[in-house]
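K.L.:
Read in order, the letters of the sequence shown are residues -18 to -1, 1 to 187 in mature numbering (1 follows the signal peptide of the UniProt record, and there is no 0). Cβ atoms here follow ideal geometry from the backbone N, Cα and C, with glycine treated the same way. Treat the numbers as computed from the prediction; the structure is a model and nothing was measured.
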Amino acid sequence: MSILLAALMLASTSSATATSDPDLSLLARKCAAASPAFPREGGKIQGMSELLYYVAAAVKADPQTDAPMDEMQSVMAELQQYRPATLAEARAMIPACDARFPLARRTDSVTLPADADLRDKMCLGVSAMMLPGAMAEDTVAKPFTVSDLQQVLSAVAARLNPRYPRTDASAQEQLKIEVGHALLESTETGNGMVVAQACIAAYSE
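Set out below in structure tokens:
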């Protein structure tokens, strides 16, 4: 087991016991449910990045397993059961959401983690998450393209494939877990849109 993986597993265990915050997780879910109706100047990519930020924050605040990506999918499925928020309801949620999750809607540039392994896995996860938004038609200019994200994914894959062979199911499952933890950590950096922009800049150098 790598030192990084051991640290991630320890962090997950400790957060699930000592620092688990169900109330914060519930607020993040409420923010996620309301976020599609939040007023914003950006388009679908910005909206998607805000939604996914709250979903990741919900899982990070109250982790139930050592499979963050599966938990994020569960939260997304849970959100499908909610009635869409009205504009008035969404506006009423904004102060609480901005106070507890100030990075969710910020659009200024961010600095990626210094740790290369964490950076690789964070950029892998975020870039993959942002692909649907980049592929979708939109009425506003997009902050990046599918090609930009694919460039990041290719660069990261070249770095990670020797340690996580695609033909090794166990290694791929382990990579999924570690990328999931990196996605949760990305909430300390910024939302998916600005993190993806930083990844594009970093892996195009």
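Any idea what DSSP makes of residue 48, helix, strand or coil?
P.N.:
Along the sequence shown, one-based indexing puts residue 48 at 66. The answer is coil: DSSP assigns residue 48 none of H, G, I, E or B.
K.L.:
For the alpha helix (DSSP H) that residue 23 lies in, which residues bound it at each end?
P.N.:
Position 41 of the sequence shown holds residue 23. That residue, residue 23, is in no alpha helix (DSSP H); it is neither H nor E in DSSP.
K.L.:
Just reading off the alpha helix (DSSP H) that residue 94 is part of, what are its end residues?
P.N.:
In the sequence shown, the residue the question calls residue 94 occupies position 112. From DSSP, residue 94 is part of no alpha helix (DSSP H); its letter is neither H nor E.
K.L.:
In three-state DSSP terms, what is residue 177?
P.N.:
Here residue 177 corresponds to residue number 195 of the sequence shown, with the count starting at 1. Residue state, collapsed to three classes: helix.
K.L.:
Quick check on the burial criterion: 16 or more other C-beta atoms within 10 angstroms. Buried or exposed for residue 46?
P.N.:
What you label residue 46 is simply residue 64 of the sequence shown in a count that begins at 1. So residue 46 counts as exposed.
K.L.:
Among 175, 145 and 16, which has the Cα closest to the Cα of residue 64?
P.N.:
As a first step, residue 64 is located in the sequence shown; it is residue number 82 there, counting from the start. Comparing Cα positions, the closest option is 16.
K.L.:
By DSSP, does residue 150 sit in helix, in strand, or in coil?
P.N.:
Mapped onto the sequence shown, residue 150 falls at position 168. Residue state, collapsed to three classes: coil.
K.L.:
For residue -6, does the count of other Cβ atoms within 10 angstroms reach 16, so buried, or fall short, so exposed?
P.N.:
Along the sequence shown, read from residue 1 onward, the residue named residue -6 stands at position 13. At residue -6, the pLDDT of 39 sits below 50, so the modelled position is not reliable and the matter cannot be decided from this model.
K.L.:
What three-state label does DSSP hand residue 169 in the structure shown?
P.N.:
Counting from 1 along the sequence shown, the entry for residue 169 is found at position 187. Residue 169 falls in the helix class under three-state DSSP.
K.L.:
Around the C-beta of residue 182, are 16 or more other C-beta atoms found within 10 angstroms, so that it is buried, or is it exposed?
P.N.:
Residue 182 sits at position 200 when you count from the first residue of the sequence shown. With 16 or more Cβ atoms within 10 Å of its Cβ, residue 182 is classed as buried.
K.L.:
Inspect the CB distances between the region 2 to 13 and the region 148 to 159 and report whether three or more fall short of 8 Å.
P.N.:
The answer is no - the region 148 to 159 does not touch the region 2 to 13, with fewer than three Cβ pairs under 8 Å.
K.L.:
Please name the residue, chosen from 91, 113, 167 and 93, that lies closest to residue 26 on a Cα-to-Cα basis.
P.N.:
Mapped onto the sequence shown, residue 26 falls at position 44. For residue 26, the nearest C-alpha among the options comes from 113.
K.L.:
Buried or exposed for residue 97, please, with buried defined as at least 16 other CB atoms from any protein chain shown within 10 angstroms of its CB.
P.N.:
Reading the sequence shown from its first residue, position 115 is the one you call residue 97. Answer is exposed; the Cβ neighbour count stays below 16.
K.L.:
Is it true that the CB of residue 179 sits closer than 8 Å to the CB of residue 125?
P.N.:
Here the question's residue 125 lines up with position 143 in the sequence shown. Here the question's residue 179 lines up with position 197 in the sequence shown. Taking 8 Å as the Cβ cut-off, residue 125 and residue 179 qualify as a contacting pair.
K.L.:
Is residue 31 closer than 8 Å to residue 174 when the C-beta atoms are compared?
P.N.:
Here residue 174 refers to the residue found at position 192 of the sequence shown. Here residue 31 refers to the residue found at position 49 of the sequence shown. Yes.
K.L.:
In the DSSP assignment, find the unbroken alpha helix (DSSP H) run with residue 122 in it and report its ends.
P.N.:
For the purposes of this step, residue 122 is taken as the residue at position 140 of the sequence shown. It is not in any alpha helix (DSSP H) - residue 122 carries neither H nor E in the DSSP assignment.
K.L.:
Is it buried or exposed, residue 28, if we count other Cβ atoms within 10 angstroms and call 16 or more buried?
P.N.:
One-based indexing of the sequence shown puts residue 28 at position 46. Buried, because 16 or more other Cβ atoms sit within 10 Å of the Cβ of residue 28.
K.L.:
Taking 8 Å as the cut-off, decide whether the C-beta atoms of residue 72 and residue 20 are in contact.
P.N.:
Mapped onto the sequence shown, residue 72 falls at position 90. Mapped onto the sequence shown, residue 20 falls at position 38. In contact: residue 72 and residue 20 (Cβ atoms closer than 8 Å).
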